[in-house]
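Structure, as structure tokens:
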Amino acid sequence: MDEVLLRSLTPGVLTVLGRRGADFAAAEDAVQDALVEALRVWPADPPRDPRGWLVTVAWRRFLDATRADTARRRREDVVVEEPVPGPVSAVDDTLQLYFLCAHPSLTPSSAVALTLRAVGGLTTRQIAQAYLVPEATMAQRISRAKRTVSGVRFDAPGDVATVLRVLYLVFNEGYSGEVDLVAEAIRLTRQLATTIDHPEVAGLLALMLLTAARRPARTARDGSLVPLAEQDRSRWDTAAVTEGVAVLQAALARDRLGEYQAQAAIAALHADARTAAETDWVQIVEWYDELVRLTGSPVVRLNRAVAVGEADGPRAGLAALAELDDALPRHAAVAAYLHERDGDLATAARLYVEAARKAADLAERDHLTRRAARLNARRTG
Amino acid sequence: MAKYLLLKHYRGAPAAVNDVRMDQWTPEEISAHVQYMNDFAAKLEQTGEFVDAQALSAEGTWVRFDGEGRPPVTDGPFAETKDLIAGWMAIDVDSYARALELAGELSAAPGAGGKPIHEWLELRPFLTEHSTSTE
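Line by line, the protein sequences give chains A and B. Numbering-wise, the first sequence is residues 1 to 381 according to our numbering. Numbering-wise, the second sequence is residues 1 to 135 according to our numbering.
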């Protein structure tokens, strides 16, 4: 059974229920029930019309739930049983779904969970597994999120920037589990790009493609992290690079620069270099200057210091670093790297140990410890 | 079946036999150590005895309630706090003997020089839920 096909049908099915008068929370529950049912039934008995099957089952679930609800609460307004086709196109509805699931009233973790379920078509169990929390916890997070957005008008225009932030969060937190969240984030961003013509949506899609292209080379066979400069570039996914560059070029041609396009441009310059030594660091620094201008983010300034170190030498990088708060995440790691490049191995080793102590993930911690170990071995051995 | 927690300490445990800080190992020795830990967890998943494993950052903060309407007081890390937990593995095994056996195996993870660390691990039984037959 093609699970990705099943997932891709979700927003369409959900919007059909919405157009038939179902409120978002109830419709979403009904679609989730239908998805779980499809996962159970389809492998042995695949339907001829998957979308029709999902609509039928979801609608039946919705009516069952509503009848039970109505009987319990003796509500007077009974939902019409016959489908009432609306005038709005499914494409617009899907876009509204993205906006709703990334609504600014939601916390980032709620928006991520709701997007993955309502737009992505993942089951609660899959989402819980991906984020390493109990299924009951994730179910609660999702139903609270739905309560939060229950008053939001389904047809109100939303903010693309919040949607992009949510999709980028999904992309960046590549946890384990049966669902590849990186691939899922790319799929959802690609789908979004077909529903709205926006250079930053294209920019994010390009950034994801260009970053994910490096994934096969990012991890050594023993699970350890391989830094960009040491990656075997023949293992990069050239199809993803080609697509990412094409998407980016089309976006940049629109001349409405944003932070995702600028980040994608940096990723494209890395992708363009056949060896680490061929990297056009001068241009990368220029793109970081754009990013600083666009975001003012201290994290961007930190990454810029690395690029400056490559373009103008480690002393220049250290000078750029000196202007930044040393409490920034990864500050010690960047300082260690620049001191290593500058030949001050004792300081570098000490800073790598400090960076490892502050590392936020295990692979990075082990990587930084290895760097310290390598320098210590070189100094004493 | 009974659940046990295997606790690993950054500090606070008695000194290991092969007590060398990790940044003084060779990169290959670090890789061998990480591999051993991963293999150990994978093996326990295979035998149906694995529950959970997590590593903790060495950086942390102490927090306590400071009265109604006031933000919690934070402090630390305190230098005088002798105990600092590095991570844990929870296992679900048939006997205390099996728990001891596994803890011993984990303590034998290779360290400097590729030799076992002989690290002290803390083995703590979970307090179980009130069982059906307890009156």
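Backbone N, C-alpha and C define an ideal beta-carbon position, used for all residues, glycine too. Quick caveat, the model's predicted, so the values are computed rather than measured.
Just measuring C-alpha positions, the residue of D23/A, R51/A, R379/A and T189/A sitting nearest V152/A is D23/A. Residue burial annotation: K43/B is exposed, with fewer than 16 other C-beta atoms found within 10 angstroms of its C-beta. Runs of the alpha helix (DSSP H) lying entirely within the segment 15–95 of chain B and spanning at least 4 residues, in chain order: 27–47. Cα atoms of G223/A and W236/A: separation of roughly 17 Å, rounded to the nearest angstrom.
For R125/A, no CB of chain B lies under 9 Å from its own CB, so it is not counted at the interface with that chain. Contact between L338/A and P314/A holds, with the beta-carbon distance rounding to 5 Å and staying under 8 Å. Contact of E29/B with chain A is assigned, a C-beta pair being separated by under 9 Å. Between the alpha carbons of I127/A and V55/A lies a distance of about 23 Å.
Distances from the alpha-carbon of S143/A to those of V57/A, V182/A, S110/A and L164/A put S110/A closest. The beta-carbon distance between A103/B and L121/B, rounded to whole angstroms, is 5 Å. This is short enough to meet the 8 Å contact definition. Here W42/A has M1 as same chain residues with Cβ atoms under 6 Å from its own Cβ, once five neighbours each way along the sequence are excluded. Think of a sphere of 9 Å around the beta carbon of N18/B: no beta carbon from chain A falls inside it, the nearest being about 15 Å out. The segment 117–127 of chain A makes contact with the segment 177–184 of chain A; the number of CB pairs closer than 8 Å reaches 3 or more. For D75/B, no Cβ of chain A is located within less than 9 Å of the residue's own Cβ. Between G158/A and L205/A, the CB-CB gap reaches or exceeds 9 Å. Taking one beta carbon from each stretch, the segment 18–36 of chain B and the segment 61–77 of chain B have fewer than 3 pairs nearer than 8 Å; the two do not touch.
Per the coordinates, the alpha-carbon of M138/A lies some 22 Å from the alpha-carbon of L164/A.
Taking the Cβ atoms as the reference, V334/A lies roughly 16 Å from L291/A, outside the contact range of under 8 Å. Taking 9 Å as the cut-off, the Cβ atoms of V308/A and A320/A count as close. In the DSSP assignment, R371/A falls within the unbroken alpha helix (DSSP H) covering L362 to T380. Under DSSP, Y4/B shares a beta bridge with I91/B and P125/B. In this structure, L17/A lies away from L39/A, with their beta-carbon atoms at least 9 Å apart. Contact of D342/A with chain B by beta-carbon distance below 7 Å is absent, the smallest such distance being about 20 Å. Judged by DSSP in its simplified three-state form, L225/A adopts strand.
Across the set C101/A, T275/A, L345/A and R274/A, the C-alpha of C101/A shows the shortest separation from the C-alpha of A145/A. Distances from the alpha-carbon of H9/B to those of V93/B, E119/B and Q46/B put E119/B closest. For T15/A, the enclosing alpha helix (DSSP H) covers residues E3 to R19. CA-CA distance, G317/A to E310/A, rounds to 8 Å. C-alpha of L225/A to C-alpha of Q35/B: approximately 13 Å in a straight line. By the 16-neighbour rule on beta-carbons within 10 angstroms, Q140/A is exposed.
Distances from the CA of A253/A to each of L269/A, A202/A, L210/A and L294/A were compared; the closest alpha carbon is that of A202/A. Secondary structure of R214/A (DSSP, three-state): coil. For the options A217/A, A65/A, D232/A and H270/A, the alpha carbon positioned closest to that of T242/A is the one of H270/A. In the structure shown, Y10/B adopts extended strand secondary structure according to DSSP, grouped into three states. E173/A has its alpha-carbon roughly 36 Å from the corresponding atom of D94/B.
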